[in-house]
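Read through the structure below, which is laid out as structure tokens, and then see the notes.
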């Protein structure tokens with residue numbers, strides 16, 4: 001999605017694959033100003049991967065922008081669908097370790113962490129695990145991926161989309177009383193490719209239904225077949241296991257983050273990640289700000305604009321150039337001799353000083 005007020009498109013100035021153990025390699029890239037404030041972008045999903053648009057949220061003069069594709073998806077290898085055993089090595093704790101490996105590899109001391117959707121869950125978990133490595137948090141479309149959130153998004157919210165949810169439930173083959181997320185996990189890890197493909201189609205149709213509330217069309221169902229399957233598999237894997245965290249882990253640990261500035265940006269119409277989640281976190285977080293966009297849901301142009309403004313506020317302006325120009329005249333020490341210096345900061349004159357010699361006496365001219 002492109003917006004006229006976003007920053008101009010830029011390309012990475014460096015990228016690579018980083019071996020993080022367990023036979024995993026993650027794709028990473030850096031863009032913007034190598035001397036700028038470091039920011040880490042955490043994509044959604046899980047398994048959503050990165051496009052190029054996230055770079056346009058950051059002022060490229062102010063930020064060194066770091067992005068990576070979480071293990072098992074995008075350009076990282078192997079893909080979660082290519083090795084069934086790899087799913088067992090894909091948890092929130094593994095992702096936190098991957099972030100730390102990347103931070104060390106890039107020589108970063110601490111960074112602002114920006115997460116969107118699932119990326120907000122990961123951002124909070126990372127900040128709580130490594131608070132000394134985070135300078136600020138900017139979170140859009142916050143979700144906690146805990147049992148309540150999983151039940152809401154796979155079961156309860158079906159009351160708002162009864163036709164789509166009936167199709168979603170029917171495709172799961174779940175018997176009464178069984179969680180749909182458990183049924184889909186079984187289908188998506190089935191050895192029969194046709195079974196997996198049907199489950200992917202049904203899951204993606206449900207994703208498109210609930211995430212497009214408020215008019216936003218994310219087009220999740222339009223991804224290529226490999227990306228669709230990776231996305232569905234990782235989402236169900238993490239939702240089935242409630243992000244591999246205790247149910248109240250993220251909320252219980254909020255006091256450990258009170259020293260950090262945070263910005264929550266939320267759509268009032270968001271049924272995928274209800275605004276009450278971010279609001280509750282904000283109320284218990286003294287240094288946080290809560291921005292609610294009335295007519296948007298799980299993303300949209302106004303939310304993106306609010307995020308750009310928040311990110312720009314949290315980074316100092318680039319250091320302007322300093323110019324020092326000195327002129328002199330006459331013979332040193334003789335009457336009529338002198339010199340004048342002008343200091344300009346970013347093109348503006350901030351100081352002018354001059355000295356001259358008159359009758360053997362030195363006097364200030366300006």
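Residue numbers (UniProt numbering): 1 to 366.
Cβ atoms here follow ideal geometry from the backbone N, Cα and C, with glycine treated the same way.
Note that the structure is predicted; figures quoted are calculated from it, not measured.
Other residues of its chain near residue 292: CB distance less than 7 Å, five sequence neighbours each side excluded: Numbered from its first residue, the chain shown carries residue 292 at position 292. If you ignore the 5 residues before and after residue 292, its C-beta comes within less than 7 Å of the C-beta of 266, 268, 275, all in its own chain and listed in chain order.
Unbroken stretches of the beta strand (DSSP E), 3 residues or longer, contained in the region 91-172: Annotation note: the region 91-172 contains the following uninterrupted beta strand (DSSP E) runs of length 3 or greater, listed N- to C-terminal: 111-116, 134-140.
DSSP on residue 313, reduced to helix/strand/coil? Locating residue 313 in the chain shown gives position 313, where the first residue counts as 1. Here residue 313 sits in helix by DSSP.
Buried or exposed for residue 226, please, with buried defined as at least 16 other CB atoms from any protein chain shown within 10 angstroms of its CB. Stepping through the chain shown from its first residue, residue 226 is reached at position 226. Exposed, because fewer than 16 other Cβ atoms sit within 10 Å of the Cβ of residue 226.
Count Cβ pairs between the region 42-50 and the region 232-239 that sit closer than 8 Å; are there 3 or more? Yes, they touch.
Skipping 5 residues on each side, what residues in its chain have a beta carbon closer than 7 Å to that of residue 254? In the chain shown, counting from the first residue as 1, residue 254 sits at position 254. Excluding positions up to five away in sequence, the list reads 281, 284, 285.
Does the separation of the CB atoms of residue 168 and residue 206 fall below 7 Å? Along the chain shown, read from residue 1 onward, the residue named residue 168 stands at position 168. Along the chain shown, read from residue 1 onward, the residue named residue 206 stands at position 206. Going by C-beta atoms, residue 168 is nearer than 7 Å to residue 206.
With a cut-off of 8 Å, do at least 3 Cβ pairs link the region 243-250 to the region 130-142? Fewer than three Cβ pairs drawn from the region 243-250 and the region 130-142 lie within less than 8 Å of each other, which leaves the two stretches out of contact.
Please classify residue 256 as buried or exposed, where buried requires at least 16 neighbouring CB atoms within 10 angstroms. Start at 1 with the first residue of the chain shown, and residue 256 comes out as number 256. By the 10 Å Cβ count, residue 256 comes out exposed.
Looking at the unbroken alpha helix (DSSP H) that takes in residue 283, where does it start and where does it end? Translated into the one-based positions of the chain shown, residue 283 becomes position 283. DSSP places residue 283 in the uninterrupted alpha helix (DSSP H) bounded by 275-283.
Local Cβ density within 10 Å of residue 64, reported as buried at 16 or more and exposed below that: Here residue 64 corresponds to residue number 64 of the chain shown, with the count starting at 1. So residue 64 counts as buried.
From the DSSP output, read off the bridge partner residues of residue 38. Taking the first residue of the chain shown as position 1, residue 38 is located at position 38. DSSP output for residue 38 lists 64 as bridge partner(s).
To the nearest angstrom, how far is the alpha carbon of residue 10 from that of residue 180? In the chain shown, the residue the question calls residue 10 occupies position 10. In the chain shown, the residue the question calls residue 180 occupies position 180. Taking the straight line joining both Cα atoms gives about 41 Å.
For residue 7, tell me which candidate among 52, 111, 90, 13 has the shortest Cα-Cα distance. By one-based count along the chain shown, residue 7 stands at place 7. Out of 52, 111, 90, 13, 52 has the C-alpha closest to the C-alpha of residue 7.
At what residues does the beta strand (DSSP E) containing residue 27 begin and finish? Counted from its first residue, the chain shown places residue 27 at position 27. From DSSP, the beta strand (DSSP E) with residue 27 extends over 24-32.
Just grab the DSSP bridge partners of residue 231 for me. Residue 231 sits at position 231 when you count from the first residue of the chain shown. The partner list for residue 231 (beta bridge, DSSP) is empty, contrary to what the question assumes.
Determine the closest residue to residue 136 out of 230, 37, 17, with distance taken between C-alpha atoms. One-based indexing of the chain shown puts residue 136 at position 136. When each option's Cα is compared against that of residue 136, the closest is 37.
Across which residues does DSSP place residue 70 in a beta bridge pair? The residue labelled residue 70 in the question sits at position 70 within the chain shown. None, per the DSSP bridge assignment.
Let me check understanding here. Comparing Cα to Cα, which of 127, 306, 242 lies closest to residue 148? On the chain shown, position 148 is the one that residue 148 refers to. Residue 148 has its Cα closest to that of 242, out of 127, 306, 242.
Below 8 Å, can you find three or more Cβ-Cβ pairs linking the region 74-94 to the region 105-112? Contact fails: fewer than three Cβ-Cβ distances are below 8 Å.
Which residue wins for smallest C-alpha separation from residue 196, given the options 39, 209, 231? In the chain shown, the residue the question calls residue 196 occupies position 196. When only C-alpha atoms are compared, the closest one is 231.
Between which two residues does the alpha helix (DSSP H) holding residue 187 run? Looking up residue 187 in the chain shown gives position 187. From DSSP, the alpha helix (DSSP H) with residue 187 extends over 180-188.
Straight-line Cα distance separating residue 233 from residue 189: Position 189 of the chain shown, counted from the first residue, corresponds to residue 189. Position 233 of the chain shown, counted from the first residue, corresponds to residue 233. Answer to the nearest angstrom: the Cα atoms are 8 Å apart.
Secondary structure of residue 18, DSSP reduced to three states: Working through the chain shown from its first residue, we reach residue 18 at position 18. Collapsing the DSSP output to three states places residue 18 in a strand.
When the Cα atoms are used, what is the spatial distance from residue 203 to residue 258? Numbered from its first residue, the chain shown carries residue 203 at position 203. Numbered from its first residue, the chain shown carries residue 258 at position 258. Just so you know, the alpha carbons of residue 203 and residue 258 end up roughly 37 Å apart.
On the DSSP bridge list, what partners appear for residue 267? Within the chain shown, numbered from 1, the residue matching residue 267 stands at position 267. Answer is 293.
Buried or exposed for residue 57, going by 16 or more other Cβ atoms inside 10 Å? For the purposes of this step, residue 57 is taken as the residue at position 57 of the chain shown. Burial of residue 57 is indicated by the presence of at least 16 other C-beta atoms within 10 angstroms of its C-beta.
What three-state label does DSSP hand residue 77 in the structure shown? Numbered from its first residue, the chain shown carries residue 77 at position 77. In this structure, residue 77 counts as strand in the three-state DSSP scheme.
What's the call for residue 13, buried or exposed, on a 16-neighbour Cβ count within 10 Å? Here residue 13 is taken as the residue at index 13 of the chain shown, counted from 1. With fewer than 16 Cβ atoms within 10 Å of its Cβ, residue 13 is classed as exposed.
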